[in-house]
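Read the structure below first, then the notes.
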Amino acid sequence: MDIGEDAMAAHKRTFMDFLDQDIGKGIYMQAIRQMMDGKRYRLLIDISDLHDFNSDLTRRLLRNPGDYIQPFSEALTEVTRNIDPKYLKEGESILAGFEGAIGDSREVTPRGLLSSFIGSMVRVKGIVTKCSLVRPKVVKSVHFCPTTTQFTTREYRDITSSTGLPTGSVYPTRDENGNLLVTEYGLCKYKDHQMLSMQEVPEEAAPGQIPRTVDIIVEDDLVDACKPGDRVAIVGIYKALPGRNKGGVNGVFRTVLIANNVSLLNKEANKPTYTVEDLKNIKNIAAKDDAFELLGSSLAPSIYGHTWIKKAVILLMLGGVEKNLPNGTHLRGDINMMMVGDPSVAKSQLLRAILNIAPLAISTTGRGSSGVGLTAAVTSDQETGERRLEAGATVLADKGVVCIDEFDKMNDQDRVAIHEVMEQQTVTIAKAGIHASLNARCSVVAAANPIYGTYDRSITPTKNIGLPDSLLSRFDLLFIVLDQMDPDIDRQISEHVLRMHRYRSPNDGGDGRLRSGIEDDTDTGSSFYVKYNRTLHGKGKHKCDTLTIQFLKKYIHYAKSKIEPKLTDEASEQIATAYAELRNAGSNAMSGGGTLPITARTLETIIRLSTAHAKLKLRTEVTKDDVDSALKVLNFAIYHKELAEMEERELVREKELAKKQKADRAADTNNRASGGETADPMEVDEPPTAPQATHTLSPERIEAFGSVFGQHMRANHLDLISIADIETVVNAGAAVQYTRLEIVTLLERVSRAMVFLQTHSLTRNIKAPFTSSSSSASVHHSKPFSSATTTIRATTTKMENTESEGSNVNDNKRKIFVAGATGSTGKRIVEQLLDKGFAVKAGVRDVDKAKTTFSDNPFLQIVKADVTEGSSKLAEAIGNDAEAVICATGFRPSLDLFTPWKVDNFGTVNLVDACKKNNVNRFILISSILVNGAAMGQIFNPAYLFLNVFGLTLIAKLQAENYIRKSGINYTIIRPGGLKNDPPSGNLVMEPEDNLSTGSISRDLVAEVAVEALGHPESSYKVVEIVSRPEAPKRSFEDLFGSIKQR
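Per UniProt numbering, the sequence shown starts with residue 1, numbered consecutively.
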């Protein structure tokens, strides 16, 4: 209620006495002078000082602030005018703001604002979610009457006014006599007005409930004092506003907080309190050699395994060091992480663990979030219709962590919204007339399922994830989490889960004991370790190997906020070396794809991880040990070691099973030889079984299998075939039937051999993939050979001198050397070259056969050339007059499993070396699709297996391609699909390398592509894959070759 003038004057005198307690030399007289120096118009009064001056006055002020704020403002205005009469203009005043402790009962959150606080002063803490535009609000209007030439003034008050009753807001248009009034806007008095919305801070919100929000009115100098995402403490008067009920009667009122002072809180507002014992324990833990492992195991101990991922989460919560350079560059210190894997591998539980431990964390889901919900939105105020900003999850989590579950379920448009957040760490809004940039300095932790629901080990990690590279490159770490089907691991997980289900904490009505009655073995040691419990931790666990959640929170908060390590010279050098090695490994085609591309962002990732580890150890400098620990985490993430370990365990189990079966057979054979078997009277003869897979595979059976299988695949132009169909085909005319186990064993052995070659780059001793237990089917090479420079010469092939046959060739025509000219594809290339007007030198192994193959042509010269006989003889055969070399060689199946390497690898290498000797700088190779099938995830493709059945043909071709690329020669590598002898059908389809895994093409069309490559410069330094398809559009060769980018 309004108070009288006498009471107002008495309050004013009291406040003037408070301000000038020391006769001009008090702290508030000095504060007023500083306020004047800063050109400000609000003085902050500490409630504690006022309480010391007059405690009764303070209680009355807090209970009924409307009666005292106006006298306080008048007292401040008078004191200010006494100091400097010219500081304030006519009508201006100094405002009083209050700060400090106003009592625990009056320091509340938006959830605690109840009806008992209406009309009193409170201090509310929360996070700003919405800010309206700043609008002027009229305080006094001035009107001029042209008839009477008189001025009329009118004052306006509303619920925010501290004196008088609210007035109407209608402008007068006529005076008492009915004369027209004109508003003089230049003489009117206004003040700034803004509406805010404050929400509970996420970490203090009640679980399972919608966060409470309160509307706040700020005026004058308090407008724009904060923005969405800021954590603030606002002192103000809690008031009730009449609702807009359109004439109806409603007893429910809308409440607002009239701000008196706005103070920004940093993210340390809710920091934990450290005792001396806590600081001592933190430093002792950091000094331990296994501090990293201890913190990792203490994170989410209810989750079994995932050791490296837990360590990465610890580093993520610690973060690097954020830098803002003088030139305006912002270098983020926050670490972003993503987990992709099978369902039921505790991805969501790890996110929950981060929410429980991180100082500030906000959780959301992919399906439950929109792009603006993650960043910021422009909304309309329900009361005024104005546009205002509303902060999203990343803005609210500034200086914290955002956990996004089911990241793969999010729409592509919504995912794009967080690109800026993850790198620039800001949210920029430019819509509806609002342009703003909000801070979003947070770490993003995402969990997603693979594109097919479960992880497909036959395709690359990038294809499993199914997210664009522009988004993946913004994640510092990407972990592949697999549901490993391993009996030992399954047993350990089941025991771990059962222990947790058997345990009952005292909070759940239990006493922490075993159901069988065994008591808890309590630990009397330090309180920051989890007490040992046999039910929860198992009998074999060591005591005191897990930190409590409370202590882990304190440790992470202390290391994150108090330590800012700097890079040393030796650490910088090691980081640069490690980055160069990662780049080099990533550029090697044989290394297999990692989870993330190695870019400059990877270099920053190493720096951030190393800095975080230095924080963990409470070091002020980043050392080489920190870099080593960071690289271990990074390597585990990039090269998906969990997948590699899983495959390695499967291979070990297969070997152990094979050894066991072999030992059982040997024991069975010994028993029979010694006559130790005795017939049981009740024993019944078992029916005869099919021959086992361990049946000795003679070279004849291997060759017969390959011949029948290959003929069937070629005749029917098959790319895919089932095991059952293979079994039917190879057993159709076989004297001894192939069992399914024998067939599968052959295919498995070739696949394992290919993996071995991929891993070791063919630099170690290699055993033929189809070796049986008998020595007759084994082929060994005692010397290692490399894929690029070593040549193997067949010892059974007699060296012969190069022979030349044929007519004199017209020197005016361009001469092309064709290797493998009598082959099915080579013969067509020769014929098309002659038709196009080229002179051809046909390199063949059998000159007599070639004479019967080709008709007489004056522009065809037949020369003896065996690609396995070395580059010198090939250089003599090519001669000095050839412009280009086309390699269309191919091997014939034989008992020598290394024939493909002699022809398709070393033979091609010899041809390239011969070209260099003769200065021939154009080389065209006919290769095959799927040569890089392992990197494409096609290692179990039947076509890939078939083409590698004998001697790893495709891998030999791939090694030859790599040699050509590094040679510097102008090359075109043509990779056709399945070759057919039929006339061309359909139109040509040309794709970049490693794109096609199926399809077929006529040999005539392959020959045409090879010949056309000679006349189109667009084909230079390119690898093309070709097939024919009826539905494909017809395109020119210039267009086809031009559409392929150079490697």
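We put the CB at the ideal spot given by N, CA and C, even for glycine.
Since the structure is predicted, the reported quantities are computational estimates derived from the model, not experimental observations.
I'd like the span of the alpha helix (DSSP H) that includes residue i, first residue to last.
i: Asp1004; result: Arg1003 to Gly1015
i: Met410; result: From DSSP, Met410 is part of no alpha helix (DSSP H); its letter is neither H nor E.
i: Leu609; result: Ala600 to Leu616
i: Arg828; result: Ser824 to Asp835
i: Met422; result: His419 to Glu423
i: Ser348; result: Lys347 to Ile357
i: Gly371; result: Gly371 to Leu374
i: Ser843; result: Inspection of the sequence shows that residue 843 is occupied by Gly rather than by Ser. Unbroken run through Gly843 is the beta strand (DSSP E), Ala839 to Val844; no alpha helix (DSSP H).
Can the beta-carbon of residue i be found closer than 7 Å to that of residue j?
i: Phe709; j: Val730; result: yes
i: Lys957; j: Ser927; result: yes
i: Leu389; j: Cys131; result: yes
i: Phe98; j: Ile159; result: no
i: Gln574; j: Val633; result: no
i: Arg828; j: Glu883; result: no
i: Gly126; j: Glu200; result: yes
i: Ala819; j: Cys915; result: no
i: Tyr238; j: Phe407; result: no
i: Leu947; j: Thr953; result: yes
i: Tyr971; j: Val909; result: no
i: Val134; j: Val214; result: no
i: Ala361; j: Val401; result: yes
i: Cys403; j: Val340; result: no
i: His193; j: Glu219; result: yes
i: Ser297; j: Met500; result: no
i: Thr623; j: Ala576; result: no
i: Met198; j: Pro110; result: yes
i: Leu874; j: Leu911; result: yes
Output needed for residue i: all residues of its chain with C-beta closer than 6 Å, excluding positions within five of it in sequence on either side, in chain order.
i: Ala850; result: Thr822, Val844 and Ile862
i: Pro1030; result: Gly986
i: Lys323; result: Leu331
i: Thr791; result: Confidence in Thr791 is poor, its pLDDT being 29 and thus under 50, which makes the residue's placement unreliable; the coordinate value appears in the next sentence. Result list for Thr791: Phe906, in chain order.
i: Leu187; result: Val142
i: Ile816; result: Leu833, Phe838, Val840 and Ala884
Helix, strand or coil for residue i? Go by DSSP, reduced to three states.
i: Phe18; result: helix
i: Leu187; result: coil
i: Asp476; result: coil
i: Pro202; result: helix
i: Gly968; result: coil
i: Asn880; result: coil
i: Glu107; result: strand
i: Arg513; result: Caution applies to Arg513, whose pLDDT of 42 falls short of 50 and renders its modelled position unreliable; the model cannot decide the point.
i: Cys403; result: strand
i: Gly433; result: coil
i: Phe117; result: helix
i: Lys917; result: helix
i: Asp192; result: strand
i: Pro976; result: strand
i: Met8; result: helix
For residue i, collect the residues of the same chain with a Cβ closer than 7 Å to its Cβ; drop the 5 residues on either side in sequence, then sort them by chain order.
i: Asn179; result: Cys145, Thr147 and Thr148
i: Tyr171; result: Ser141 and Thr183
i: Ser263; result: Glu99, Val232 and Ala233
i: Lys347; result: Met339, Gly341, Ala447 and Val481
i: Asn921; result: Ile969 and Asn970
i: Ser288; result: One point to set straight first is that residue 288 is Lys, not Ser, in the sequence displayed. Only Leu294 meet the Cβ criterion.
Which residues mark the beginning and the end of the beta strand (DSSP E) in which residue i is found?
i: Val863; result: Leu860 to Lys864
i: Val1027; result: Lys1022 to Arg1029
i: Val142; result: Arg135 to Cys145
Beta-carbon within less than 8 Å of residue i's beta-carbon, same chain only, minus the 5 sequence neighbours each way: which residues are those?
i: Lys227; result: Val128, Cys131, Leu389, Ala436 and Leu438
Self-check item: Start-end ranges of the beta strand (DSSP E) lying completely within the stretch 211-251, minimum 3 residues
Solution: Runs found: 213-219 and 231-241.
Exercise. At 4 residues or longer, and completely inside the stretch 544-571: list those alpha helix (DSSP H) runs for me, N to C.
Key: Taking only runs of at least 4 residues, the alpha helix (DSSP H) segments lying wholly in the stretch 544-571 are 549-562.
Practice problem: Just list the beta strand (DSSP E) runs in the stretch 14-81, keeping only unbroken ones of 3 residues or longer that don't cross its boundaries, in chain order. | Solution: 42-46, all fully within the stretch 14-81.
Quiz item: What are the uninterrupted segments assigned as alpha helix (DSSP H) that are 4 or more residues long and contained completely in the stretch 269-343, given in chain order?
Solution: Runs found: 276-287, 291-298 and 307-318.
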